[in-house]
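Using the numbering used here, you'd call the opening residue of the sequence shown number 237 and step up by one each time. A short write-up of the structure that comes next.
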Amino acid sequence: MAQPARSGPALGIWELAWPAILGNLLHSTVGLIDVKIVGSLGAPAVAAATTGHRIFFVLQAVMMAVCAGTTALVARAWGAGDREEAERVTRASLWACIVLATALTVPGVVFAEELAGVFRLEDETVGLAAVFIRWISLFNAMFAVNFVIGTALRAAGDTRTPLWIGAGTNVVNVALVYGLVYGAFGLPALGVAGAAIGNGLAFSFGAVVSIWLWVRNHLVLGPGPPGALQGERVRQLLRIGYPAGLEQGVWQMGFIVFLWIVALYGTAPYAAYGIGVNILSFSFVVGFGFSIAASTLVGQHLGAEDPEAASRSGWRAMGLSVAVMLVFGTAIVLFAEPLARFLIEDDEVVRLTVVFIYVLGSVQVLMAIEFSLSGALRGAGDTRFPLYAVLTGLFGVRILLAGVFAWVGWPVEWVFAALIGDYIVKSSMLTWRFRSGRWQGAI
Numbered sequence: 237m238a239q240p241a242r243s244g245p246a247l248g249i250w251e252l253a254w255p256a257i258l259g260n261l262l263h264s265t266v267g268l269i270d271v272k273i274v275g276s277l278g279a280p281a282v283a284a285a286t287t288g289h290r291i292f293f294v295l296q297a298v299m300m301a302v303c304a305g306t307t308a309l310v311a312r313a314w315g316a317g318d319r320e321e322a323e324r325v326t327r328a329s330l331w332a333c334i335v336l337a338t339a340l341t342v343p344g345v346v347f348a349e350e351l352a353g354v355f356r357l358e359d360e361t362v363g364l365a366a367v368f369i370r371w372i373s374l375f376n377a378m379f380a381v382n383f384v385i386g387t388a389l390r391a392a393g394d395t396r397t398p399l400w401i402g403a404g405t406n407v408v409n410v411a412l413v414y415g416l417v418y419g420a421f422g423l424p425a426l427g428v429a430g431a432a433i434g435n436g437l438a439f440s441f442g443a444v445v446s447i448w449l450w451v452r453n454h455l456v457l458g459p460g461p462p463g464a465l466q467g468e469r470v471r472q473l474l475r476i477g478y479p480a481g482l483e484q485g486v487w488q489m490g491f492i493v494f495l496w497i498v499a500l501y502g503t504a505p506y507a508a509y510g511i512g513v514n515i516l517s518f519s520f521v522v523g524f525g526f527s528i529a530a531s532t533l534v535g536q537h538l539g540a541e542d543p544e545a546a547s548r549s550g551w552r553a554m555g556l557s558v559a560v561m562l563v564f565g566t567a568i569v570l571f572a573e574p575l576a577r578f579l580i581e582d583d584e585v586v587r588l589t590v591v592f593i594y595v596l597g598s599v600q601v602l603m604a605i606e607f608s609l610s611g612a613l614r615g616a617g618d619t620r621f622p623l624y625a626v627l628t629g630l631f632g633v634r635i636l637l638a639g640v641f642a643w644v645g646w647p648v649e650w651v652f653a654a655l656i657g658d659y660i661v662k663s664s665m666l667t668w669r670f671r672s673g674r675w676q677g678a679i
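What follows is the structure, given as structure tokens:
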């Protein structure tokens, strides 16, 4: 049975971060396996899956907004020892996200071709991407259930349960993607469509497990008492969350514009970007893990009325994130070529993937600062400043520089290099904001 809330935060950064990091590493491993499976179908298939996933994440931006509010409000309630309020927030978030995710299914299914065509890729790639988008969109609600329950549990300090549910989901994902792409295990061979369906069915498996555990009160947070959908609570969720939703929307749209610029150079650079991101995700997820830890501890300490401890937690999470991401990033850079060649047998794609890894590998410290401090700010309910940082870095630097480099006819390697300026600006802005202490009165 679930245990009552502690009287204030007691968990350390490592205790919160390592299950999240391990879970994310498992997810990245599965993502790499998925790329390997799809990569055997050729560069157009990899480019199509990259496009499909990017559009899928754009459609989740509104849902992620609600979950930003979930993190801040559940963490504060838990830190204050108010378990019932944490449960009410969780249930309100779950209902809101299911409704929003269901609504987001419509554009993904109806306008799949138009969404895929934004990148102006070859007709074959656009067709495959549209198929991927249409199928993956059907599982939006299942993704929402996983996302909300996992977010709420982490905000309450339980990062282990999402790890085990995620591990089971990943095993199901690999089996289904392999089977549905190649026609193994008695399943039909569906190619790129099979990859999307396999992902979606794995989401569904995780959602069913999460809901069953939640309803049966086997989690640290249960369904809770009635009264979850009170207007003030929902408004507070949305008030805190909408800047994070805008941030996600801006972030994803910025990636679409950046990918559109990369696509001007052809399918090979586009596929290289997708493969490079999947390889480097092994480093990114470390930052995400510390971001979760920072959000949880900052929110809980503020709920316990201890802003100094909240500040210490944020800085410590940043320091640990920098150290670990630097190690992971360096290892990936050293083995960039064999990793790329393992995933696809195309010399030009491999060459460009290595270049991309070198560029993004050079800013791992800056990425670690962004992940950890933006997480700390969101945990405090200060969701607007990360939005401003993304707007400035992504559009004011990355997109601007990439567009100029493409316009003057410089090689795509220069477009990749525009990422460096983006992360310099964002990490500097977030460091200034957290040091200012203005986030302590965000809620």
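Virtual Cβ for every residue (Gly too), placed ideally from N, Cα, C. No experiment lies behind these values; they were computed from the predicted model shown.
Contacting residues, own chain, Cβ-Cβ under 6 angstroms from residue i (five flanking each side not counted)
| i | result |
| --- | --- |
| residue 521 | 260, 261 and 264 |
| residue 648 | 501 and 505 |
| residue 482 | 623 |
| residue 704 | Given a span of 237 to 679 for the chain in the structure shown, any question on residue 704 remains unanswerable. |
| residue 232 | Residue numbering for the chain in the displayed model covers 237 to 679; residue 232 lies beyond these limits and cannot be assessed. |
| residue 429 | 367 and 371 |
| residue 656 | 599 |
| residue 611 | 527, 530 and 531 |
| residue 373 | 341, 344 and 345 |
| residue 275 | 282, 579 and 580 |
Pairwise C-alpha distance: residue j and residue i
| i | j | result |
| --- | --- | --- |
| residue 402 | residue 462 | 29 angstroms |
| residue 323 | residue 625 | 32 angstroms |
| residue 490 | residue 286 | 15 angstroms |
| residue 676 | residue 325 | 21 angstroms |
| residue 358 | residue 629 | 30 angstroms |
| residue 586 | residue 575 | 9 angstroms |
| residue 533 | residue 249 | 8 angstroms |
| residue 631 | residue 530 | 26 angstroms |
| residue 510 | residue 283 | 7 angstroms |
| residue 303 | residue 440 | 19 angstroms |
| residue 384 | residue 307 | 9 angstroms |
| residue 328 | residue 468 | 11 angstroms |
| residue 670 | residue 277 | 46 angstroms |
| residue 581 | residue 503 | 14 angstroms |
| residue 455 | residue 584 | 49 angstroms |
| residue 412 | residue 544 | 48 angstroms |
| residue 562 | residue 422 | 44 angstroms |
| residue 416 | residue 471 | 42 angstroms |
Beta carbon proximity, residue i to chain D, threshold 9 angstroms
| i | result |
| --- | --- |
| residue 545 | Reference to chain D is not applicable here, since this structure consists of a single protein chain. |
Contact belief for residue i with residue j at Cβ below 8 angstroms, rounded distance in angstroms
| i | j | result |
| --- | --- | --- |
| residue 642 | residue 500 | 6 angstroms |
| residue 507 | residue 279 | 4 angstroms |
| residue 432 | residue 368 | 4 angstroms |
| residue 609 | residue 550 | 6 angstroms |
| residue 658 | residue 634 | 4 angstroms |
| residue 605 | residue 667 | 6 angstroms |
| residue 536 | residue 311 | 5 angstroms |
| residue 539 | residue 313 | 7 angstroms |
| residue 673 | residue 547 | 7 angstroms |
| residue 446 | residue 382 | 6 angstroms |
| residue 486 | residue 351 | In fact, because the Cβ distance is near 17 angstroms, the residues do not count as touching under 8 angstroms. |
| residue 588 | residue 290 | Actually they are not in contact, since the Cβ atoms of residue 588 and residue 290 sit about 18 angstroms apart, beyond 8 angstroms. |
| residue 320 | residue 460 | 6 angstroms |
| residue 365 | residue 442 | At roughly 25 angstroms, the Cβ-Cβ gap does not stay under 8 angstroms, so residue 365 and residue 442 are not in contact. |
| residue 525 | residue 253 | 5 angstroms |
Residues near residue i by beta carbon distance below 7 angstroms, same chain, minus five either side
| i | result |
| --- | --- |
| residue 593 | 512, 515, 516, 568, 569 and 572 |
| residue 414 | 273 and 420 |
| residue 398 | 259, 386, 389 and 390 |
| residue 380 | 299, 333, 334 and 337 |
| residue 663 | 602, 605 and 606 |
| residue 590 | 572, 573 and 576 |
| residue 558 | 601, 604 and 605 |
| residue 651 | 497, 498, 638, 641 and 642 |
| residue 653 | 595 |
Residues near residue i in its chain [Cβ-Cβ closer than 8 angstroms; skip 5 each side]
| i | result |
| --- | --- |
| residue 639 | 497 |
| residue 266 | 406, 409 and 410 |
| residue 404 | 441, 442 and 445 |
Query raised in the report: Contact between the region 343-351 and the region 407-416: three or more CB pairs below 8 angstroms?
Result: Contact between the region 343-351 and the region 407-416 is not established, with fewer than three Cβ pairs separated by less than 8 angstroms.
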